[in-house]
Structures are given as C-alpha cells and as structure tokens.
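Student: Under our numbering, the first residue of the sequence shown carries the number 120, and numbering increases by one thereafter.
Note that the Cβ used here is the ideal one computed from N, Cα and C, for glycine as well.
All values derive from a computational prediction rather than experimental measurement.
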Amino acid sequence: MHEELQRRCGPNTESYNRAVQRLRDGGAAEADAHSPDDEQCKYVVSISYRGLGNRILAAASAFLYAVLTGRVLLVDPSNEMDELFCEPFPGTTWLLPRDFPLASSNANFSADTAESYGNMLKNKVLGTDGSTDGDMPAAQMPAFAYLHLDHDYGDGDKMFFCDDDQRLLSNIQWLVMRTDTYIVPSLFLVTTFQDELDALFPERDAVFHHLGRYLFHPANHVWGLVARYYRAYLATARQLVGVQVRVFDHRQAKSPHVVLEQISSCAWQETLLPAVLDAVEDAAMPTPPTTPHGGSNNSKAVLITSLRPWFYERIKAMYWERATATGEDVSVHQPSHEEYQHFGEKSHDGKAWAEMYLLSLCDVLVTSGWSTFGYVAQGLGGLRPWVMYKTVNITAVPDPPCGRDVSMEPCFHSPPFYDCKTKRGVDTGTILPHVRHCDDVSWGLKLVDPNGSPN
Ligand code: GDP
C-alpha cells in the first residue's frame with residue numbers, strides 16, 4: 120500500500136508537480152483548485168547528514184514516520200544518499216528531485232529556521248491551543264514545516280512527539296525532517312501511532328531490522344565490495360565473529376593498548392574467540408593442535424572494522440604467533456583502514472557501507488558502544504551484540520569489558536523527556552515496558568522485547 124502511494128504521488132507525477140507548485144506559491148493557492156487526489160498526497164522529505172550510520176538511521180526513522188502518517192518519503196540525494204542504495208520502492212524514485220524548491224536550503228536548515236515547527240509554535244504561526252488549531256482550512260496552513268529533530272533540538276521542536284502536534288502537522292502538505300539519529304523509540308510513545316505500530320511490529324526489538332532490510336540494499340558497486348570480500352576471506356570459516364572498533368576519545372586513540380585488551384578480554388571471557396596459549400603452555404602441548412584437520416573445518420574468521428589498522432595487526436599477529444587453547448584456527452581480516460572520516464567521498468562511503476553490511480553477515484558481533492555504525496550492522500544482521508562500553512577512566516579496561524545488549528535495536532541518543540498529557544517532565548524510559556533506556560547511552564531510549572531475549 121505504501122509503495123502504491125509512493126508511485127501515485129512521487130516525482131514525475133501530476134500530483135507531485137502540483138504539490139511542488141503549491142510549495143512555490145507558499146501554499147496560498149485556492150483550496151478548490153486542487154483535485155481530491157492532491158489532498159491525499161503529503162510528503163516527508165528526509166535530510167540526513169553526518170556519518171553513514173547516522174544517515175541510515177535518519178532515513179529509516181523518516182520512512183517509518185512516512186508510513187505512520189500516510190506520507191510519501193523523499194530522500195535528499197546529497198551526502199551520497201543517491202549513490203549507495205538501490206531504489207527501495209518499485210516503479211518510482213525515493214530521491215528528492217534536484218530542482219525541488221527548497222533544495223538549496225537543505226544544508227542550511229537549523230534550529231534557527233523560521234519555519235521550524237518549534238519556531239512556528241513560539242511565534243504563534245501555529246498552535247495547538249485553539250488559536251490556530253488543526254481545523255484551520257488547509258489553504259491557510261503553511262505550505263511546509265521544518266522538523267528539526269537533531270541532537271540540539273529545543274523544547275518546541277520536541278513537541279513533535281505529542282499527539283496534538285501530530286494532528287496539527289497532519290494538515291501540512293510538506294514536512295522537511297532533519298535528524299541525525301534514530302527517533303523511532305519515541306514514536307512508540309505517541310498514542311496516535313500505537314495501534315499501527317502494534318500491528319506492524321509484534322516483535323518490538325526487530326523494528327530497525329525490518330525497516331533496514333526493506334529500505335537499504337547496497338548499490339551494485341557496494342554489493343561488489345561485499346560479495347568479493349565475503350567470498351575471498353570469510354565464506355569458508357565455520358563461524359564469523361565481527362568486531363567493530365570505533366574509538367571516539369582522542370585520549371584513547373593515544374593509548375590503544377587498553378582498547379586492544381578490552382577487545383581480547385571481551386572475546387575470551389564471553390568465549391566468542393579462543394584464548395591463545397602463552398609460550399610455555401604452547402611448548403608443553405603434547406600434540407600440537409596446529410596439525411591440519413583433514414578436511415574438517417574448525418576455523419573461525421574475525422572480521423575487524425576500524426578506521427585504523429593497528430588493532431587488526433595486533434590481533435592477527437597474536438593468532439599467528441600463538442596456538443589457541445582449543446586448537447581452533449583463527450583468521451583475522453580487515454577490509455579497509457581509512458584513517459579518518461572523509462566527508463562527501465563516494466569510495467569512502469561505499470567502503471563504510473560494505474563493512475557495515477559484512478558485519479551484519481557475521482554470526483556474532485562485538486561492537487563499540489555509542490556508534491551508529493555498529494547499530495546499523497547489528498540491526499541489519501538481527502544480532503544482539505556484545506557491547507564494549509566507553510569508560511571514564513581510559514587507562515583501565517572496564518570490568519566487565521563488555522556486556523550483551525538488551526536488544527538488537529539502535530539507541531535514540533537524544534529523546535525528549537516530556538509527558539504531553541501532564542505537560543511536565545517525565546522519564547520516558549519508564550512509560551512503556553518495550554521502551555527502555557540504553558546500556559551504552561544511559562539517557563537514550565531503545566526498543567526491547569519486554570519478555571526478554573532468549574539468545
Ligand atoms: P558513528 O560516528 O560511529 O556513530 O558512525 P557513523 O557511520 O555515523 O560515522 C562514522 C563514519 O566514519 C563512517 O560512516 C565512516 O565514514 C567512517 N568510519 C568509522 N568507522 C569505520 C570503519 O570501521 N570502516 C570504515 N570504512 N569507515 C569507518
């Protein structure tokens with residue numbers, strides 16, 4: 120049904136052209152000049168920015184919002200969003216045409232934009248208190264509203280997550296949403312959406328898994344990176360262990376030994392990888408376990424992703440220079456080491472996307488807390504990862520070094536803490552059993568299965 124809407128109202132249709140014209144005219148056209156069809160064509164434009172993980176979470180969030188509100192999703196093609204994915208909707212494009220009237224402003228939308236929902240509430244251009252309520256004639260409503268849902272959003276912008284505000288927004292034909300995060304957990308707190316969310320997602324902790332696997336398919340050049348790497352290095356292993364290393368703290372980057380120890384302690388304590396013998400133990404082994412196994416496959420492959428090669432080199436050397444306690448062979452691989460985050464570079468983003476996808480193909484996953492790169496991999500893979508938490512004291516490995524995440528869902532890093540009904544602050548992580556705080560970002564929100572995850 121949503122695909123039909125995308126085709127009927129998407130770019131290159133009469134309805135789209137009329138809706139764009141209306142936007143150009145500032146929404147002031149006569150209401151009766153529109154066919155009933157146009158009234159049904161409403162749009163949400165998703166502007167995403169920052170790293171690829173952030174962009175993917177933003178587009179997935181906008182898509183779910185589009186489905187819940189019966190709007191067409193159009194994605195701003197800048198920041199390589201037009202290069203990395205296949206078109207998800209058959210028979211139409213999800214890319215916002217380059218001649219879209221607001222396209223030049225897309226990069227400049229911010230908390231200060233006059234048409235932001237928060238500013239329109241503040242300046243009484245819109246209101247839910249009856250002065251300018253949701254029943255005002257469509258022709259008098261602004262042609263578009265900008266939804267500023269970034270980490271730095273204000274109290275007015277946060278009203279987006281309230282029922283009355285959603286009713287008001289439903290009368291605006293164009294919504295432009297800019298976010299860098301996964302807002303989905305807070306959509307579950309909007310009463311209007313709850314019935315449909317219940318029907319769509321009986322498994323509460325598989326929302327991004329379904330959204331992501333529907334929307335994000337690597338474009339051909341990225342698929343080539345995934346397939347060639349998988350076949351050449353990973354396909355024959357009995358088990359694949361993904362380790363996503365993201366070092367945010369510059370101080371940690373200067374003492375990587377602690378991070379290295381955190382990785383190996385996590386993998387060994389949780390028996391994800393075999394420990395290595397020390398030199399004495401190795402020499403005392405009566406039957407060296409390194410004898411090739413005639414045909415039987417007892418190997419594990421570790422896929423490391425990181426901006427730097429340092430961890431990979433150490434872990435690879437460790438498994439080459441020492442035997443493992445279990446006799447398993449461990450091969451270690453890292454597709455790229457880009458050194459730093461390059462912005463707006465197709466080949467860099469393609470590698471990042473390929474690596475997220477390869478991680479999602481692993482059997483088990485160790486991720487770095489806080490990282491949206493890891494969130495995308497775990498969500499696509501349907502994997503509840505072991506998360507290496509960030510530590511305050513960067514000179515010591517935390518104890519325990521990692522913990523099993525409560526669900527495979529991404530964490531919403533900047534949720535509102537507001538009860539729309541009582542109009543007071545509230546801990547939004549305690550309202551519904553399936554919307555809880557995250558382990559890695561204590562004030563964040565994530566969807567969990569309230570009955571507990573069995574594995
Ligand atoms: P986050 O910053 O960890 O939340 O993840 P993002 O994906 O949003 O931003 C980090 C960006 O840095 C990625 O999109 C890549 O461009 C780059 N990057 C970080 N880690 C890696 C990695 O392991 N491999 C590659 N290829 N790129 C990475």
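Using a Cβ distance threshold of 8 Å, determine whether the region 238-245 contacts the region 275-287, with at least three qualifying pairs required.
Tutor: Output reads yes: the region 275-287 touches the region 238-245.
Student: Express the C-alpha separation of residue 386 and residue 245 in angstroms, rounding to a whole number.
Tutor: In a straight line, the C-alpha of residue 245 is about 54 Å away from that of residue 386.
Student: Under a CB-based cut-off of 7 Å, is residue 538 close to chain D?
Tutor: As a matter of chain content, chain D is missing from the structure shown, which is built from one protein chain.
Student: Please report the straight-line C-alpha distance between residue 498 and residue 143, rounded to a whole angstrom.
Tutor: Those two C-alpha atoms are separated by around 39 Å.
Student: As a quick exercise: from 461, 530, 138 and 293, pick the residue whose alpha carbon is nearest that of residue 180.
Tutor: Nearest option by C-alpha distance: 530.
Student: Closer than 6 Å: is that where the CB of residue 465 sits relative to any heavy atom of ligand 1?
Tutor: Residue 465: no, Cβ never under 6 Å from ligand 1.
Student: Might you give, ordered along the chain, the residues of its own chain that have their beta carbon closer than 6 Å to the beta carbon of residue 201, omitting 5 neighbours on each side?
Tutor: For residue 201, where only same-chain residues beyond five positions count, the Cβ hits under 6 Å are 214.
Student: Would you list the one or two residues that DSSP bridges to residue 537?
Tutor: DSSP lists 544 as partners of residue 537.
Student: What three-state label does DSSP hand residue 359 in the structure shown?
Tutor: Three-state DSSP puts residue 359 in a strand.
Student: Hey, is the region 293-307 in contact with the region 537-544, meaning 3+ C-beta pairs nearer than 8 Å?
Tutor: The region 293-307 vs the region 537-544: no contact.
Student: Leaving out five residues before and five after residue 151 in sequence, what residues of the same chain have Cβ atoms less than 8 Å from its Cβ?
Tutor: With a pLDDT of 42 at residue 151, under the threshold of 50, the modelled position of that residue is not reliable, and no figure is offered here.
Student: Return the chain-ordered list of same chain residues with a C-beta closer than 7 Å to the C-beta of residue 120, the five sequence neighbours on each side being excluded.
Tutor: Excluding residues within five positions, none has a Cβ falling inside 7 Å.
Student: How big is the Cα-Cα spacing for residue 354 and residue 132?
Tutor: So the two alpha carbons sit approximately 45 Å from each other.
Student: Using 10 angstroms around the beta-carbon of residue 178, count the other beta-carbons present and answer buried if the total reaches 16, otherwise exposed.
Tutor: Result: buried.
Student: Look up residue 345 in the DSSP assignment and give the residues it is bridged to.
Tutor: Looking at the DSSP assignment, residue 345 forms no beta bridge with any residue, so it has no partner.
Student: Hey, would you say the C-beta of residue 167 is under 6 Å away from at least one heavy atom of ligand 1?
Tutor: No, Cβ of residue 167 sits at least 6 Å from all heavy atoms of ligand 1.
Student: What does the alpha-carbon distance come out to for the pair residue 465 and residue 300?
Tutor: Going by the C-alpha atoms only, they are around 22 Å apart.
Student: Quick check: the Cα distance between residue 527 and residue 381, rounded to an integer number of angstroms?
Tutor: The alpha-carbon atoms of residue 527 and residue 381 are separated by roughly 21 Å.
Student: When you measure from the CB of residue 300 to every non-hydrogen atom of ligand 1, does any distance come out below 6 Å?
Tutor: Answer for residue 300: no, Cβ out of range of ligand 1.
Student: Where residue 560 and residue 488 are concerned, what is the direct C-alpha to C-alpha distance, given to the nearest angstrom?
Tutor: One C-alpha to the other measures close to 8 Å.
Student: Could you check where the beta strand (DSSP E) with residue 448 kicks off and where it finishes?
Tutor: From DSSP, the beta strand (DSSP E) with residue 448 extends over 448-452.
Student: Within 10 angstroms of its Cβ, does residue 555 collect 16 or more other Cβ (buried), or is it exposed?
Tutor: By the neighbour-count rule (16 or more Cβ atoms within 10 Å), residue 555 is buried.
Student: What does residue 419 pair with, by DSSP beta-bridge criteria?
Tutor: BP columns for residue 419 point to 358 and 449.
Student: So the beta strand (DSSP E) residue 114 belongs to, where does it begin and stop?
Tutor: Outside the modelled stretch of the chain, which goes from 120 to 574, sits residue 114, for which no answer is possible.
Student: Going by DSSP, what residue range makes up the beta strand (DSSP E) through residue 556?
Tutor: Note, residue 556: beta strand (DSSP E), 554-556.
Student: May I ask you to report which of helix, strand or coil DSSP gives residue 513?
Tutor: Here residue 513 sits in coil by DSSP.
Student: Select from 359, 365, 427 and 319 the residue whose C-alpha is nearest the C-alpha of residue 478.
Tutor: Ranking 359, 365, 427 and 319 by Cα distance to residue 478 puts 359 first.
Student: If contacts are defined as beta-carbon pairs under 8 Å, then residue 356 and residue 442 qualify, I think. What distance do you get, rounded to the angstrom?
Tutor: Not quite, the Cβ-Cβ distance comes to about 18 Å (not below 8 Å), so this is no contact.
Student: Between the Cα of residue 176 and the Cα atoms of 212, 326, 507 and 346, which residue gives the shortest distance?
Tutor: For residue 176, the nearest C-alpha among the options comes from 326.
Student: Given this structure, state the Cα-to-Cα distance separating residue 392 from residue 330, to the nearest angstrom.
Tutor: For residue 392 and residue 330, the distance between alpha carbons rounds to 31 Å.
Student: Taking only runs of the alpha helix (DSSP H) that begin and end inside the region 230-291, which ones reach a length of at least 4 residues, in chain order?
Tutor: As far as the region 230-291 is concerned, its whole alpha helix (DSSP H) runs of at least 4 residues are 236-241, 274-277 and 282-288.
Student: Exposed or buried, which one is residue 343 when buried takes at least 16 other CB atoms within 10 Å?
Tutor: With fewer than 16 Cβ atoms within 10 Å of its Cβ, residue 343 is classed as exposed.
Student: May I ask which residues mark the beginning and end of the beta strand (DSSP E) holding residue 507?
Tutor: 505-507 is the extent of the beta strand (DSSP E) around residue 507.
Student: I'd like the list of long-range same chain contacts for residue 447, defined as Cβ closer than 7 Å, with 5 residues on each side in sequence excluded.
Tutor: These residues qualify, in order along the chain: 393, 417, 418 and 419.
Student: Less than 6 Å separating the Cβ of residue 433 from some heavy atom of ligand 1?
Tutor: No.
Student: As a quick exercise: from 267, 369, 204 and 375, pick the residue whose alpha carbon is nearest that of residue 433.
Tutor: Of 267, 369, 204 and 375, the residue nearest in Cα terms is 375.
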